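Working notes for the structure below.
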Amino acid sequence: MKAKIIVMPKKTVLDPQGKTVQHALESLGFKGIQEVRIGKFIEVELKAGNQATLKKKLDEACSKLLSNPVIEDYEFSIK
Amino acid sequence: MKFGIIQFPGSNCDQDAYHVLANVFGQPTRYVWHKEASLGDVDCVVVPGGFSYGDYLRTGAIARFSPAMKAVAAHAKDGGLVIGICNGFQILCEAHLLPGALIRNKGLKFICEHVDLRVETTNSPFTNTGRRGQVLRIPIAHGEGCYFAEPSVIQQLQDEDRILVRYVNNPNGSVDNIAGICNEGRNVFGLMPHPERASETALGSEDGRLIFESILRAAVNA
């Protein structure tokens, strides 16, 4: 099984990287861009198991190490 | 006073800190490898600058789980002194020994230059030899030095007089111009600037000495 985890900077946190990329896209002529935010995408290979248990473990992994709850939010899916 | 300097894979200011404490201040100083689970008889821990674990994932994110950091947390809990410089500050935040986090500089650039810092309070073991409002010229060298915390945390830091140093001209977008803060017990201090790189005239500034002299005075008065 594979977990796909997305970690994003919180809305209240500055994302200068996203801003810079937004400006670059605009200067390339891409119209209508309202906001760009840049985060991280993490894939974790998992031994198959009970969904609820895997979810609980991943939650712990995300809040303990993979994201910093002070500045980031995360979400994941398991397939 | 016995100093212990934590060494992680990727630390690169450990030897500068050692030089200043052992050779400039003549204090018994030793390195503590990150796999050591005990600090021995160390009175003050230095978590030095660098790029621990290559800054992988987030700065300080992996270092905080090393055995030595567990010992540092226990040392801090017992009231022992801890100073985290640059990457050390980032690690102390990741370890929840200090609130908030350090994120990418607002201008995205790695900044390596001398900056002016204002001593905001002398009520700490790290600034007790200074004057409130005194300006120190100390170098910074970081890409992720923008201090961030929620407004309620910033308010608490202000109310409890825990912002020890602020930038005179904010170089990196830090909230409230914060360059260094202490914990509630005032025995754990984290700052982005490098006092160990400003402790000898040959290096252009001796202003960083104030931090180490304060630690030594705090030990005498303890």
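Line order of the protein sequences matches chains A and B. Remember, our numbering sits 166 above the position in the first sequence when you count from 1. Remember, our numbering sits 8 above the position in the second sequence when you count from 1. Ideal Cβ positions, reconstructed from N, Cα and C, are used throughout, including at glycine. Since this is a predicted model, take the numbers as computed values, not measurements.
Span separating the alpha-carbon of residue i from that of residue j
{"i": "residue 193 of chain A", "j": "residue 38 of chain B", "result": "54 Å"}
{"i": "residue 138 of chain B", "j": "residue 88 of chain B", "result": "21 Å"}
{"i": "residue 126 of chain B", "j": "residue 180 of chain B", "result": "16 Å"}
{"i": "residue 242 of chain A", "j": "residue 47 of chain B", "result": "39 Å"}
{"i": "residue 237 of chain A", "j": "residue 229 of chain A", "result": "11 Å"}
{"i": "residue 224 of chain B", "j": "residue 208 of chain A", "result": "45 Å"}
{"i": "residue 82 of chain B", "j": "residue 146 of chain B", "result": "30 Å"}
{"i": "residue 155 of chain B", "j": "residue 128 of chain B", "result": "16 Å"}
{"i": "residue 113 of chain B", "j": "residue 151 of chain B", "result": "6 Å"}
{"i": "residue 80 of chain B", "j": "residue 190 of chain A", "result": "44 Å"}
{"i": "residue 63 of chain B", "j": "residue 32 of chain B", "result": "30 Å"}
{"i": "residue 153 of chain B", "j": "residue 229 of chain B", "result": "33 Å"}
{"i": "residue 222 of chain B", "j": "residue 104 of chain B", "result": "24 Å"}
{"i": "residue 175 of chain B", "j": "residue 100 of chain B", "result": "20 Å"}
{"i": "residue 191 of chain B", "j": "residue 245 of chain A", "result": "42 Å"}
{"i": "residue 78 of chain B", "j": "residue 234 of chain A", "result": "18 Å"}
{"i": "residue 232 of chain A", "j": "residue 20 of chain B", "result": "25 Å"}
{"i": "residue 213 of chain B", "j": "residue 172 of chain A", "result": "45 Å"}
{"i": "residue 74 of chain B", "j": "residue 28 of chain B", "result": "25 Å"}
{"i": "residue 214 of chain A", "j": "residue 221 of chain A", "result": "12 Å"}
{"i": "residue 211 of chain B", "j": "residue 122 of chain B", "result": "11 Å"}
{"i": "residue 217 of chain A", "j": "residue 167 of chain B", "result": "46 Å"}
{"i": "residue 187 of chain A", "j": "residue 34 of chain B", "result": "50 Å"}
Beta-carbon contacts of residue i that lie in its chain and below 6 Å, excluding the five residues immediately before and after
{"i": "residue 204 of chain A", "result": "183, 184"}
{"i": "residue 178 of chain B", "result": "185"}
{"i": "residue 98 of chain B", "result": "67, 68, 110"}
{"i": "residue 227 of chain B", "result": "9"}
{"i": "residue 36 of chain B", "result": "10"}
{"i": "residue 5 of chain B", "result": "With chain B covering only 9 through 230, there is no way to say anything about residue 5 of chain B."}
{"i": "residue 30 of chain B", "result": "37"}
{"i": "residue 14 of chain B", "result": "40, 55, 76"}
{"i": "residue 149 of chain B", "result": "120"}
{"i": "residue 215 of chain B", "result": "144, 145, 146, 206"}
Test: residue i CB closer than 8 Å to a CB of chain A
{"i": "residue 18 of chain B", "result": "no"}
{"i": "residue 66 of chain B", "result": "yes"}
{"i": "residue 109 of chain B", "result": "yes"}
{"i": "residue 76 of chain B", "result": "no"}
{"i": "residue 81 of chain B", "result": "no"}
Cβ neighbour criterion (16 or more within 10 Å) applied to residue i
{"i": "residue 143 of chain B", "result": "exposed"}
{"i": "residue 220 of chain B", "result": "buried"}
{"i": "residue 140 of chain B", "result": "exposed"}
{"i": "residue 167 of chain A", "result": "exposed"}
{"i": "residue 202 of chain B", "result": "buried"}
{"i": "residue 71 of chain B", "result": "buried"}
{"i": "residue 219 of chain A", "result": "exposed"}
{"i": "residue 116 of chain B", "result": "exposed"}
{"i": "residue 178 of chain A", "result": "exposed"}
{"i": "residue 135 of chain B", "result": "buried"}
{"i": "residue 207 of chain B", "result": "buried"}
{"i": "residue 95 of chain B", "result": "buried"}
{"i": "residue 108 of chain B", "result": "buried"}
{"i": "residue 93 of chain B", "result": "buried"}
{"i": "residue 102 of chain B", "result": "buried"}
Within chain B, the residues that residue i reaches when beta carbons sit closer than 7 Å
{"i": "residue 183 of chain A", "result": "112, 116"}
CB contact below 8 Å: residue i versus chain B
{"i": "residue 224 of chain A", "result": "no"}
{"i": "residue 180 of chain A", "result": "yes"}
{"i": "residue 212 of chain A", "result": "no"}
{"i": "residue 237 of chain A", "result": "yes"}
{"i": "residue 231 of chain A", "result": "yes"}
Close Cβ partners of residue i (< 7 Å) along its chain, the five nearest in sequence each way excluded
{"i": "residue 189 of chain B", "result": "106, 165, 170, 171, 172, 198"}
{"i": "residue 193 of chain B", "result": "87"}
{"i": "residue 211 of chain A", "result": "168"}
{"i": "residue 49 of chain B", "result": "10"}
{"i": "residue 206 of chain A", "result": "173"}
Contacts that residue i makes with chain A (C-beta to C-beta distance below 8 Å)
{"i": "residue 102 of chain B", "result": "234"}
{"i": "residue 69 of chain B", "result": "231, 234"}
Within chain A, the residues that residue i reaches when beta carbons sit closer than 9 Å
{"i": "residue 181 of chain B", "result": "180, 182"}
Per-residue contacts from residue i into chain B (C-beta, under 8 Å)
{"i": "residue 186 of chain A", "result": "116"}
{"i": "residue 191 of chain A", "result": "Correct list: empty, because the minimum Cβ distance to chain B is about 16 Å."}
Residues of its chain near residue i, where Cβ-Cβ distance is below 8 Å and the 5 sequence neighbours each way are ignored
{"i": "residue 52 of chain B", "result": "9, 10, 11, 12, 88, 89, 90, 91, 223, 227"}
Item to complete: Closer than 8 Å, Cβ to Cβ, to anything on chain D: give me those residues from the segment 147 to 163 of chain B, in chain order.
Response: The structure shown contains no chain D; its protein chains are A and B.
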